[in-house]
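Novice:
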Amino acid sequence: MSGRRQEYCEACRKTQTQADNKIKCKTCEARCPEIMLENREVWQLWIYVNTQWRVSNSGIVGLDYTAVFAIAEVYGIELTPTLCRKIKALEIYEIRRQEV
Numbered sequence: 004m005s006g007r008r009q010e011y012c013e014a015c016r017k018t019q020t021q022a023d024n025k026i027k028c029k030t031c032e033a034r035c036p037e038i039m040l041e042n043r044e045v046w047q048l049w050i051y052v053n054t055q056w057r058v059s060n061s062g063i064v065g066l067d068y069t070a071v072f073a074i075a076e077v078y079g080i081e082l083t084p085t086l087c088r089k090i091k092a093l094e095i096y097e098i099r100r101q102e103v
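The opening position of the sequence shown corresponds to residue 4 in my numbering, with each subsequent residue numbered one higher.
(1) Do residue 93 and residue 49 have their CB atoms nearer than 7 Å?
(2) Go through the segment 41–65 residue by residue and report every complete run of the alpha helix (DSSP H) that reaches 4 residues or more, in order.
(3) Select from 46, 43, 30, 57 the residue whose C-alpha is nearest the C-alpha of residue 98.
(4) So, for residue 71: in the same chain, excluding its five sequence neighbours on each side, which residues have a beta-carbon less than 6 Å away from its beta-carbon?
(5) List the endpoints of the continuous alpha helix (DSSP H) containing residue 77.
(6) Go through its chain and collect everything with a Cβ distance to residue 75's Cβ below 7 Å, but skip five positions before and after it.
(7) Is residue 93 helix, strand or coil by DSSP?
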């Protein structure tokens, strides 16, 4: 995500230096996607747990779910089966992204 955010910021700086000085964020292809309302809770949890990776010599293995549960409890986030599936989907995406 931070890489995407960096592209977004660079795009805005380039836009701001143009003669018209108008920022066209809604049409910028590098802008961050809007989070759907039903995914805001999982996204917030993801931000909190995104540093809780188990690693091996070959790279990241997966999230430390003991830490995920503890962090969710600290922030008062109920880990429903749906929320767990969404966290798992984000975890799988990140692992595959790291393999490239």
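For glycine and all other residues, C-beta sits at the position ideal for the given N, C-alpha and C.
Specialist: Looking at the coordinates:
(1) With respect to residue 49, residue 93 sits close: the two C-beta atoms are nearer than 7 Å.
(2) Segments of the alpha helix (DSSP H) lying fully in the segment 41–65: 43–52.
(3) For the residues 46, 43, 30, 57, the minimum Cα distance to residue 98 belongs to 57.
(4) Residues of the same chain with a CB within less than 6 Å of the CB of residue 71, apart from the 5 flanking positions on each side, are 52 in chain order.
(5) Residue 77 -> alpha helix (DSSP H) spans 68–77.
(6) Taken in chain order, the residues that qualify are 48, 82.
(7) DSSP places residue 93 within a helical segment (H, G or I) once states are collapsed to three.
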